[in-house]
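Written below as structure tokens is the structure these notes are about.
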Amino acid sequence: SMRKRTASMAAALHALAAGIRPRSGVTAFSTFYKHIPSKPFGRTQAAFHPSTALKLNRFLFDPSEVVADDGSEVPTVTLSKDDYRTVHAAKILGLLNGDCLRAGVVTEGGSADSSYAGCVTDQATIEWLPEGKIKKACPTKNGDPPGSLRIALESLVSSTESSDNPQGDTSTSDSVSLILALPRPLQLGRMLPMISQMGVDHLVLTAAKKVPKDYFGSHLFRKPHVLRKLLIEGLCQSGDVKIPKITVAKRLKPFMEDDLDELFPADEYARVIAHPQRVGQAEAPKRMREIALPGSKRQIVVAVGPEGGWEEPYELDMFQSLGFQQITMGTRVLRSDVAVVSLLSLAHDVCSESEG
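The numbering used here applies: residue 16 is where the sequence shown begins, and numbers increase by one.
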């Protein structure tokens, strides 16, 4: 029994403190851990999400989840008891019936899947629907949901008209796009929420000389819904509702020759390639704030290479021949995730200053 094992441990500790070698029948301290249960005491964590608890600054829903009941002008969403958003509302926020939360309906690739796609509200109200033996319509004592969660999406407006965007600024994510040399699959999984959180209109995942071909066999490409889920995770944090468009280019040169001008016209986008400044380099690369912005749309596409940088001189020459301006953040070679977040932040800052 646990009581006997505890007593044995106490005896072993007392003997060790006194310098006495444990006798036969007394459990030594090192072997006591064999008796500790492998699972923690109490209720184990629900498997509603594989990562740590999400910080949902806005609850996001797919257009297919939104239901407009007959006879009611207010659309609703009903989430199951084990949905990660339901668990977050109960465990993290501790919401009660009638409480308000921030919500939105995602939109993808500029297409409107429904009349509610791309809309947000700060006045969505919740209602708990108890299930099973639970009768009270409120989170349980240990913070679990009592049942399903119904959310009434009151006062829905377009994201460009929301209180977070009083001037109707559409440049938050539309101004910046990213061409990214495909990182390691595990690293990509960590970066996707960061990328959507920073705000990107179009994400191009491409090959490069220093990118192993087997990276394109990642489960993220075999299961697009997993990739989409990671992007939405970042949107929940930032409060945005627009899922970035994604293009996968398994060959860099054909993409640059055939698709680049169609996706990112030179007269509309400032084309920028990030590469570390080399010691003794004849012409110093520009900083992000020094790039030339064409036209009036003030849009930037940033090309970020693998952690070892773009291949010199072939890949660098190819980008520069297509109008890419080389920029740098110094002589340091940065990890892809650090470089991407830093460059996206600088690009957004340049666009906002230009538009101001």
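Beta carbons are placed, not taken as given, at the ideal position from N, Cα and C, and that holds for glycine. Since the model is a prediction, treat every value here as computed from it, not as a measurement.
Where the alpha helix (DSSP H) through residue i begins and ends
| i | result |
| --- | --- |
| Ser211 | Pro200 to Met213 |
| Glu277 | Leu275 to Leu278 |
| Lys244 | Pro239 to Ser253 |
| Leu94 | Segment Thr91 to Leu94 is the beta strand (DSSP E) holding Leu94; no alpha helix (DSSP H) there. |
| Val120 | Looking at the DSSP string, Val120 is not in any alpha helix (DSSP H); the run it does join, the beta strand (DSSP E), is Cys115 to Val120. |
| Thr101 | Tyr99 to Val102 |
| Tyr329 | Tyr329 to Ser336 |
Residues bridged to residue i [DSSP beta-bridge criterion]
| i | result |
| --- | --- |
| Tyr284 | Gln314 |
| Ile261 | Leu218 |
| Pro145 | Gly162 |
| Gln341 | Ile288 |
| Cys153 | None, per the DSSP bridge assignment. |
| Val319 | Leu195 and Ala289 |
| Ser129 | Paired residues: none, contrary to the question. |
| Ala139 | Leu116 |
First through last residue of the beta strand (DSSP E) which encompasses residue i
| i | result |
| --- | --- |
| Ser192 | Val191 to Ala196 |
| Val163 | The sequence given here has Ser at residue 163, not Val. Taken as a continuous stretch (DSSP letters only), the beta strand (DSSP E) holding Ser163 covers Gly162 to Ala167. |
| Phe76 | Phe74 to Phe76 |
Contacting residues, own chain, Cβ-Cβ under 8 Å from residue i (five flanking each side not counted)
| i | result |
| --- | --- |
| Gly204 | Leu235 and Leu245 |
| Ala264 | Val219, Leu220, Thr221, Ala222, Phe270 and Asp274 |
| Ile194 | Val219, Thr221, Val316, Val317, Ala318 and Val319 |
| Ser95 | Thr101 and Ser163 |
| Gly310 | Asp282 and Glu283 |
| Gly323 | Lys225 and Val348 |
| Gly113 | Thr140, Ile141 and Glu142 |
| Ile149 | Thr155, Pro161 and Gly162 |
| Glu169 | Val89, Thr136, Gln138, Ala139 and Thr140 |
Own chain, CB closer than 6 Å to residue i, minus 5 neighbours either side, in chain order
| i | result |
| --- | --- |
| Pro208 | Leu245, Glu248 and Gly249 |
| Tyr329 | none |
| Lys312 | Glu283 |
| Ser174 | Gly133, Val135 and Val256 |
| Gly40 | Its pLDDT being 39, under 50, Gly40 is placed unreliably by the model, and nothing is read from it. |
| Glu326 | Lys224 |
| Asp189 | Asp216 |
| His103 | Leu71 |
Cβ neighbour criterion (16 or more within 10 Å) applied to residue i
| i | result |
| --- | --- |
| Gln212 | buried |
| Asp255 | buried |
| Ser79 | exposed |
| Ile342 | buried |
| His290 | buried |
| Val120 | buried |
| Ala299 | exposed |
| Arg302 | exposed |
| Ser192 | buried |
| Ala354 | buried |
| Gln314 | buried |
| Arg286 | buried |
| His240 | exposed |
| Ile288 | buried |
| Ile107 | exposed |
| Leu111 | exposed |
Selected residue, minimal CA-CA separation from residue i, among the options
| i | options | result |
| --- | --- | --- |
| Val215 | Asp364, Leu359, Ala118 and Val365 | Leu359 |
| Lys228 | Pro200, Gly147, Val135 and Arg243 | Pro200 |
| Thr122 | Arg302, Pro160 and Tyr131 | Tyr131 |
| Ser253 | Leu197, Phe279 and Ala118 | Ala118 |
| Gly232 | Leu197, His240 and Arg286 | Leu197 |
| Ala83 | Pro154, Ala167 and Ala139 | Ala167 |
| Ile258 | Lys268, Leu267, Ser351 and Arg243 | Arg243 |
| Phe339 | Ser170, Lys238, Phe279 and Glu176 | Phe279 |
| His363 | Leu331, Glu176, Asp332 and Leu308 | Leu308 |
| His217 | Lys260, His103 and Thr91 | Lys260 |
| Glu368 | Val89, Trp325, Glu326 and Arg304 | Arg304 |
| Asp276 | Val365, Ser336, Lys238 and Leu171 | Ser336 |
| Val268 | Glu176, Met333, Lys238 and Ile288 | Checking the sequence shown, residue 268 turns out to be Lys, not Val. The residue with the shortest Cα to Cα distance from Lys268 is Met333. |
| Ser129 | Val81, Glu176, Val92 and Pro321 | Val81 |
| Pro361 | His103, Arg165, Tyr230 and Ile306 | The question names Pro, but residue 361 in the sequence shown is Leu. When only C-alpha atoms are compared, the closest one is Ile306. |
Own chain, CB closer than 7 Å to residue i, minus 5 neighbours either side, in chain order
| i | result |
| --- | --- |
| Cys251 | Leu69, Leu71, Asn72, Arg73 and Leu75 |
| Lys151 | Pro145 and Pro161 |
| Met344 | Ser357 |
| Pro154 | Ala105, Gly109, Pro160 and Pro161 |
| Arg266 | Ala222 |
| Asp77 | Val121 |
Any non-hydrogen atom of the ligand FMN closer than 7 Å to residue i Cβ
| i | result |
| --- | --- |
| Phe231 | This structure simply doesn't include the ligand FMN, nor any ligand for that matter. |
Beta carbon proximity, residue i to chain D, threshold 8 Å
| i | result |
| --- | --- |
| Glu368 | The question asks about chain D, but that chain is absent: this structure has only one protein chain. |
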